[in-house]
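Here's the structure we're looking at; comments come further down.
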């Protein structure tokens, strides 16, 4: 089955630690995205990538880093510089990253900082 | 920068009745796309419907339809014959047509929590 997988579903981190969230897609999509969701707020864009080995900052990139070494994978690292990392993180992908594309979302990862 | 506002944090509807969720947006662009996404308790984001700004005809998908008022920058979602499975958080989202500059990012509203009463 084609789709987007995110792992783990739940993640706990101690303060001061870096943690990496996984996002994999087998839809052959060129573009991938990371969003953050906080209670009572809509999704906010962290980073996006329209092609392998290239990515751009979104609206709230501070304290996060990404890589795009393979078309299928777009991992997100939450660094210790992120002041309030507890949130729900959603990964998405689309065919080419054009405006006409539909973005498909993964099931998300809930990150909690202890 | 574009903004999207959903002024109804919560709405409720009786099963089989009709409900309308409101969304307004602010943009200086003339060409763009608007979306409604549904997020059920599983938290999976599901596309409900999309509207191209250059189309005057309102989009429909089965029981879901929109009322797109471009001049008023309004984009409401109507759900007819509401079902228990429609209960979810609904998000309105905006995307610029100028994707080379914006990267096709989606700008979301704050969401409206819809409850369907049996």
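Protein chains in written order, with this note's numbering: chain R, 220 to 333; chain Y, 6 to 123.
Ideal Cβ placement from N, Cα and C applies to all residues, glycine included.
Query                                                                                                                                  : Result
Beta-carbon separation (whole angstroms), residue 274 of chain R vs residue 242 of chain R, contact threshold 8 Å                      : Contact flag wrong, Cβ pair sits at about 12 Å.
Cβ pair residue 264 of chain R, residue 328 of chain R closer than 8 Å                                                                 : no
Best match in R:312, R:231, R:259 for proximity to residue 304 of chain R [C-alpha to C-alpha]                                         : R:231
Three-pair Cβ contact test at 8 Å for the region 70-82 of chain Y versus the region 25-39 of chain Y                                   : yes
For residue 72 of chain Y: DSSP bridge partner residues                                                                                : Y:81
Separation of residue 43 of chain Y from residue 18 of chain Y, as counted between CA atoms                                            : 16 Å
Top-ranked residue by Cα proximity to residue 308 of chain R, from R:244, R:253, R:237, R:233                                          : R:253
Contact under 8 Å by Cβ, residue 250 of chain R with residue 101 of chain Y                                                            : no
Members of the region 227-259 of chain R that neighbour chain Y once the beta carbon cut-off is set at 9 Å                             : 250, 252, 254, 256, 259
Minimum Cβ-Cβ distance from residue 34 of chain Y to chain R less than 8 Å                                                             : no
Those residues which DSSP pairs with residue 51 of chain Y across a bridge                                                             : Y:43
Residue 89 of chain Y, DSSP secondary structure in three states                                                                        : helix
For residue 231 of chain R, the first and last residue of its enclosing beta strand (DSSP E)                                           : 229-232
DSSP state of residue 308 of chain R mapped onto helix, strand, coil                                                                   : strand
Neighbourhood of residue 31 of chain Y by C-beta distance below 7 Å, restricted to the same chain and skipping five residues each side : 7, 8, 78
Start-to-end residues for the beta strand (DSSP E) that takes in residue 28 of chain Y                                                 : Unbroken run through residue 28 of chain Y: none, as it is neither H nor E.
8 Å Cβ cutoff met for residue 11 of chain Y and residue 114 of chain Y                                                                 : yes
Per-residue DSSP class, three states only, for residue 22 of chain Y                                                                   : coil
For residue 271 of chain R, three-class secondary structure by DSSP                                                                    : coil
Close-in-space but distant-in-sequence residues of the same chain around residue 277 of chain R (CB under 7 Å, 5 per side omitted)     : 264, 265, 266, 267
Contacts of residue 142 of chain Y in chain R (Cβ-Cβ under 8 Å)                                                                        : There is simply no residue 142 of chain Y to check, as chain Y begins at 6 and stops at 123 in what is shown.
Reduced DSSP category for residue 314 of chain R - H, G, I as helix; E, B as strand; rest coil                                         : coil
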